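Undergrad:
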Amino acid sequence: MLRTPLCELLGIKHPIIQGGMAWVATAELVSAVSEAGGLGVLGSGNAPPDYVREQIHLIRERTSKPFGVNLPLFSPYADEVIKVCIEEKVPVVTTGGGNPAPYIGPLKEAGIIVIPVVASVALAKRLGRMGADALIAEGMESGGHIGDVATLPLVPQVVDAVKVPVIAAGGIADGRGLAAALALGAVGIQMGTRFICTEECIAHPVYKQHIVKAHDRATMVTGYSLGHPVRALKNPMVHRFQELEKMGASEEEIIEFGTGALRKAVLEGDWENGSFMAGQSAGLVHDIVPVKELLERIVAEAEELLVNKLPAYVVKG
Ligand code: TUI
55 MLRTPLCELL
65 GIKHPIIQGG
75 MAWVATAELV
85 SAVSEAGGLG
95 VLGSGNAPPD
105 YVREQIHLIR
115 ERTSKPFGVN
125 LPLFSPYADE
135 VIKVCIEEKV
145 PVVTTGGGNP
155 APYIGPLKEA
165 GIIVIPVVAS
175 VALAKRLGRM
185 GADALIAEGM
195 ESGGHIGDVA
205 TLPLVPQVVD
215 AVKVPVIAAG
225 GIADGRGLAA
235 ALALGAVGIQ
245 MGTRFICTEE
255 CIAHPVYKQH
265 IVKAHDRATM
275 VTGYSLGHPV
285 RALKNPMVHR
295 FQELEKMGAS
305 EEEIIEFGTG
315 ALRKAVLEGD
325 WENGSFMAGQ
335 SAGLVHDIVP
345 VKELLERIVA
355 EAEELLVNKL
365 PAYVVKG
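So for the sequence shown, the numbering used here puts the first residue at 55; every next one is plus one.
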C-alpha cells in the first residue's frame, strides 16, 4: 500500500488522479477509475451543462466512490457547468486552461474540494492563497492544452512556493513516474494519456492503437500562434494545422479548421482529420489493460522502487 496525504484529502486508495480529458473521460472511464481506488474525473470540455449533469448521474449509478469534474475555463458553458457541479454536490472539481479564482469561493462554500491545474509558479501562489485545496502542477510534456515549463523543474518549484499539497502531471505513465513525482515533493500524480489505453475508456480503437505504437518523438505542439498550444500525436491533421499557422492564416480560419477535430479522433478514429491529443508519455504506453490492473501495476512498481531499489543506492560511510 502506498498512502499519501492525497489519499486522506480525497478519500481514495491510490494517490492517482485520472486527467479530465474532453470526450474521452466519460462516465465509463471515470467510474472505473474511482471504483478501482483512484480519482476518476469527468472531462466536461466544451460540453453543455445538461450533458455534464447526465454524466454525473451515470457515474453515480456506477460507483459510490469519490469522483471529480474537470472544467476547462475556456468552455463557453463554464459558469453553467460550475452551477451544475454545485447543485449536484460533486466531491471534487479540477480546472484547467486559466485562472479559476472567481469560482473558488462558491465551490468551497458548497463543500467541494477544488484542485486547479497550474502551469506556472505565479498562478500556483495566487491560488494557494485563495483557498485551493491542492494544485495539479502540469508540465508541457502533457497532452492537450499545455503551458511552457517541463514537469521535472515545475513540480518542485510549485511545491516550494505553496503550502497546499501538489500533484504532478505531464509525462507520467508508470510506477517510475509515480516514484519520481513523490521524490519531487508531490503527494500523487495525474495521468491522462495512460488512461486512454484502458479497456473501459470509450476512445476509438484507432486512437488507442496509435498511442500504443507511439515512440518518444511521436507528439508535437501546434497552436502557438493562437496563444493556445496543444500537444497531439503527429498525423496529417496536425501537419496541415502547422502549415496554416506558418502561412499566417487568420485566427478564424485556424479555429474553423480545428473545431471538432478532437471529437473526430475520439469517436470516429479519423486519423486524417482528427486531433489525437496525447502527451510525451505516449511512448511509455505499450498495452491496453483494465483500469484496476493498471492502477495496481503502477503502485506496485512505485513501491518496489521506493522500498527496495532506491534505498539500495544509499550506502553508509
Ligand atoms: O486543460 C488542460 N488540457 C486540455 S483542456 C482541453 S479541451 C480542448 N482544448 C483545445 C481544443 C479543444 C478542446 C485539452 N487539453 N490542461 C490543464 C492546463 N491548464 N494546462 C495548462 C493550463 C493552464 C494554462 C494557463 C492553466 C492556467 C493558466 O493560466 C494562465 C493565467 O491566467 O495565468
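We put the CB at the ideal spot given by N, CA and C, even for glycine.
Quantities reported herein were computed from a predicted structural model and do not represent experimental measurements.
For ligand 1, is there any heavy atom lying closer than 7 Å to the beta carbon of Ile221?
TA: No, the Cβ of Ile221 stays beyond 7 Å of every heavy atom of ligand 1.
Undergrad: Taking Asn153 as the reference, which of Val138, Val87, Gly165 and Val171 has the closest Cα?
TA: Minimum Cα distance to Asn153 is reached at Val171.
Undergrad: Three-state secondary structure (DSSP) at Asn362?
TA: Three-state DSSP puts Asn362 in a helix.
Undergrad: Going by DSSP, name the residue or residues bridged to Phe121.
TA: According to DSSP, which records beta bridges pairwise, Phe121 is partnered with Gly94.
Undergrad: If Val220 and Ala240 are in contact, beta carbons under 8 Å, what's the gap, nearest whole angstrom?
TA: Indeed they touch by this definition, with Cβ atoms about 5 Å apart.
Undergrad: If I measure Cβ to Cβ from Lys262 and keep anything under 7 Å in the same chain, skipping five residues before and after, which residues do I get?
TA: If we look at Lys262 and ignore the five residues flanking it on each side, its Cβ neighbours are Ile250, Cys251 and Ile342.
Undergrad: Using the DSSP secondary-structure output, state which residues sit across from Thr276 in a beta bridge.
TA: Partner(s): Val284.
Undergrad: Tell me the DSSP secondary structure of Glu163 in three-state form.
TA: Note: Glu163 maps to helix in three-state DSSP.
Undergrad: What is the rounded straight-line gap between the Cα of Val135 and the Cα of Tyr105?
TA: Their backbone Cα atoms lie some 9 Å apart in a straight line.
Undergrad: Between Val95 and Ala79, how many whole angstroms is the CB-CB distance? I'm expecting something under 8 Å.
TA: The pair is a contact, with the Cβ atoms about 6 Å apart (cut-off 8 Å).
Undergrad: Can you give me the start and stop residues for the alpha helix (DSSP H) that Gly312 sits inside?
TA: Glu305 to Gly312 is the extent of the alpha helix (DSSP H) around Gly312.
Undergrad: Starting from Gly246, trace the beta strand (DSSP E) in both directions and tell me its first and last residue.
TA: Element bounds for Gly246: n/a, residue is neither H nor E.
Undergrad: Which residue from His199, Gly197 and Gly231 puts its Cα closest to that of Val209?
TA: Of the candidates His199, Gly197 and Gly231, the one whose C-alpha sits nearest the C-alpha of Val209 is Gly231.
Undergrad: For ligand 1, list every residue whose C-beta falls under 6 Å from any of its heavy atoms, going in chain order.
TA: Chain-ordered list of matching residues: Ala76, Gly99, Pro126, Gly150, Gly151, Gly152, Asn153, Val171, Val172, Ala173, Leu177, Glu192, Gly198, His199, Ile200, Gly201, Val284, Leu316 and Met331.
Undergrad: Whose C-alpha, out of Val168, His199 and Ala178, is nearest the C-alpha of Thr276?
TA: When each option's Cα is compared against that of Thr276, the closest is His199.
Undergrad: What does a CB cutoff of less than 6 Å around Asn100 pick up in its chain, not counting 5 residues either side in sequence?
TA: So the list reads Ser129, once near-sequence residues are dropped.
Undergrad: How big is the Cα-Cα spacing for Gly302 and Ala356?
TA: C-alpha separation (whole angstroms): 46 Å.
Undergrad: For Lys67, which option in Gly92, Pro283, Lys267 and Ala86 has the closest C-alpha, if you only look at C-alpha atoms?
TA: With distances taken between Cα atoms, Lys67 lies closest to Gly92.
Undergrad: Considering only residues of the same chain and omitting the five flanking positions on each side of Gln337, which have a CB-CB separation below 7 Å?
TA: Inspection of the sequence shows that residue 337 is occupied by Gly rather than by Gln. Ala268, His269, Asp270 and Ala272.
Undergrad: Which two residues bound the contiguous beta strand (DSSP E) that contains Thr149?
TA: Element bounds for Thr149: Val146 to Gly150.
Undergrad: Over the uninterrupted beta strand (DSSP E) stretch that includes Glu192, give me the two end residues.
TA: Per DSSP, Glu192 belongs to the beta strand (DSSP E) from Leu189 to Glu192.
Undergrad: Do the CB positions of Val320 and Ala227 come within less than 8 Å of each other?
TA: Contact: no.
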